[in-house]
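Asks: Please find one structure pasted underneath; my questions will follow.
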Amino acid sequence: MKAQKYVRILFEFERLKSGKILIVDEIANNFDVDKRTVHRDILDLKCYMQDNLVFNGNAIGSIIYDRDLGGYLIIDLA
857 MKAQKYVRIL FEFERLKSGK ILIVDEIANN FDVDKRTVHR DILDLKCYMQ
907 DNLVFNGNAI GSIIYDRDLG GYLIIDLA
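One rule links them: number in our numbering = place in the sequence shown (from 1) + 856.
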């Protein structure tokens, strides 16, 4: 059964904030969605983080893809 989008995105965000690597294939399999859906989620999270910085001055970090680790992670902007 597919989880609601907000559940999936919050899971991804909490995983990234806790310093864990976000691997697209794993998330897609765990939530029974296409890999493109996970990539769209990541774009949504990047926009959220940028908007949070612009409107609230709160720098959460930046999501990047690390080829060596094979997944996405958050890096500090400081």
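We put the CB at the ideal spot given by N, CA and C, even for glycine.
Since we're looking at a predicted model, the values are computed, not measured.
(1) Mind reading off the beta-carbon distance from I865 to D900? Whole number of angstroms is fine, and I expect it under 8 angstroms.
(2) Could you check if Y928 is buried or exposed, using at least 16 other CB atoms within 10 Å of its CB as the buried criterion?
(3) Within the same chain, show all residues whose beta-carbon is closer than 6 angstroms to that of M905, passing over the 5 residues directly before and after it, in chain order.
(4) In the DSSP assignment, find the unbroken alpha helix (DSSP H) run with L929 in it and report its ends.
(5) Between which two residues does the alpha helix (DSSP H) carrying I883 extend?
(6) Is it the case that the Cβ atoms of K873 and I930 are separated by a distance below 8 angstroms?
(7) Mapping the DSSP letters down to three states, classify D820 as helix, strand or coil.
(8) From the DSSP output, in three-state form, read off D920 for me.
Replies: Short version:
(1) With a Cβ gap of about 6 angstroms, I865 and D900 count as contacting.
(2) Y928 comes out buried.
(3) I916
(4) Run containing L929: none in the alpha helix (DSSP H); it sits in the beta strand (DSSP E), 927-931.
(5) 880-887
(6) yes
(7) Since the first residue of the chain shown is 857 and the last is 934, residue 820 is not available in this structure.
(8) A quick correction: the sequence has Ile, not Asp, at residue 920. I920 falls in the strand class under three-state DSSP.
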